[in-house]
Amino acid sequence: MNSEEIVATLRAKPQLIDKLDISKMSGYDIGLTLYAQPQLVDKLDVNKMDGRTICLVLRAQPQLVDKLDLAKMDGYDISAALRKQPQLADKFDISKMDGYAICLVLRLYVQLIDKFDLSKMGGRGISIVLCAQPQLIDKFDLSTMDGYDISLVLQAQPQLVNKLNTSKMDGYAICLALCVQPQLIDKFDLSEMDGYAADTVLRRQPHLKIHFNKNS
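First residue of the sequence shown: 13, per our numbering; consecutive thereafter.
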């Protein structure tokens, strides 16, 4: 049997493990097997598994967390594992996670916010989180957000308009926001918009024409 056949056999009939040459199995083969048959963890050489494979296993079988070498996992491996199994947060070296890895978790699990160094997060990461979790707005340094970041948030969460520095928004950012949230028109400096941006908004929101006539 080659390694692929060994994996297929173990996933279907784990009781045959002592009859197979498991030394042929790579770390990834072992991960695929444990994903389906976690009870084999003490029979297989889990030291062959790299961080990405460990992440794969933990997403499906979190009870194996103390049996695997978590030090092999990088920040993105940890982020991917937490997005599926947030209860494992205290098992990982969270300091490995950069701002983007953090934001991917926080947009799903606000209860983990106190475990992360939020100063690592830039404007784009903050905008991704706020689009999903607007109640966290007072937790972040909003000065790192540029006009496009602000536009992204307002498209999803227009109620935050008075908490964000809309003066950073250029014509393009304003255009994107108004196409989705036309009720915000009085919150923006329409003089930032060129003719193309204005026409783009009016094609989506023709009832705003009176506002642009006043501004012309």
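Ideal Cβ positions, reconstructed from N, Cα and C, are used throughout, including at glycine. Owing to the predicted nature of the structure, the values given are computational and were not obtained by experimental measurement.
Rounded C-alpha distance that separates residue i from residue j
i       : j       : result
Pro-74  : Ile-34  : 23 Å
Ala-83  : Glu-17  : 30 Å
Phe-128 : Tyr-40  : 30 Å
Thr-208 : Arg-119 : The residue you asked about is not Thr; residue 208 is Tyr in the sequence shown. In a straight line, the C-alpha of Tyr-208 is about 34 Å away from that of Arg-119.
Pro-146 : Gly-183 : 24 Å
Lys-221 : Asp-211 : 9 Å
His-223 : Ile-125 : 41 Å
Gln-49  : Asp-57  : 14 Å
Arg-95  : Ile-162 : 25 Å
Thr-178 : Arg-215 : 23 Å
Glu-204 : Ala-101 : 44 Å
Arg-71  : Tyr-121 : 15 Å
Ala-144 : Met-181 : 21 Å
Lys-103 : Gly-63  : 14 Å
Pro-218 : Asp-206 : 17 Å
Asp-150 : Lys-55  : 49 Å
Leu-148 : Leu-142 : 7 Å
Ala-20  : Tyr-47  : 12 Å
Reference residue i, options the options, closest by Cα
i       : options                               : result
Leu-44  : Leu-22, Asp-54, Leu-28 and His-219    : Leu-22
Cys-115 : Pro-98, Asp-86, Ile-29 and Ser-139    : Ser-139
Lys-31  : Ser-38, Met-13 and Ala-48             : Met-13
Leu-154 : Gly-135, Ser-163, Ala-144 and Leu-172 : Gly-135
Val-77  : Gly-87, Gln-99 and Asp-57             : Gln-99
Lys-175 : Cys-187, Phe-152 and Lys-96           : Phe-152
Asp-105 : Val-122, Arg-95, Lys-199 and Gly-87   : Gly-87
Met-109 : Leu-130, Gln-97 and Gln-123           : Leu-130
Residues near residue i in its chain [Cβ-Cβ closer than 6 Å; skip 5 each side]
i       : result
Tyr-112 : Gly-137
8 Å Cβ shell around residue i - same chain, five flanking residues per side excluded
i      : result
Gln-51 : Pro-26
Met-61 : Gly-39, Tyr-40, Ile-42, Gly-43, Val-69, Leu-80, Asp-81 and Lys-84
Cys-67 : Met-85, Asp-89, Ile-90, Ala-92 and Ala-93
Ser-15 : Lys-36, Met-37, Ser-38 and Asp-41
Own chain partners of residue i with C-beta closer than 7 Å, once the 5 adjacent residues on each side are dropped
i       : result
Leu-196 : Leu-166, Pro-170, Val-173, Ala-189 and Leu-190
Phe-159 : Here the sequence assigns Gly to residue 159, which means Phe is not the residue at that position. Only Lys-180, Met-181, Asp-182 and Ala-185 meet the Cβ criterion.
Lys-132 : Asp-110, Gly-111 and Ile-114
Val-213 : Cys-187, Leu-190, Cys-191 and Leu-220
Ile-29  : Leu-22, Leu-52 and Lys-55
CB contact check: residue i to chain D, cutoff 9 Å
i       : result
Asp-126 : Considering every chain present, this structure includes no chain D. It has just one protein chain.
(request) State whether the stretch 164 to 173 contacts the stretch 189 to 197, with contact taken as three or more CB pairs (one from each stretch) at a distance under 8 Å. (result) yes
(request) Just list the alpha helix (DSSP H) runs in the stretch 144 to 181, keeping only unbroken ones of 4 residues or longer that don't cross its boundaries, in chain order. (result) 159 to 168
(message) Quick check on the DSSP output: what are the complete alpha helix (DSSP H) runs of length 4 or more inside the stretch 52 to 126, in order along the chain?
(response) 63 to 72, 87 to 96 and 111 to 118
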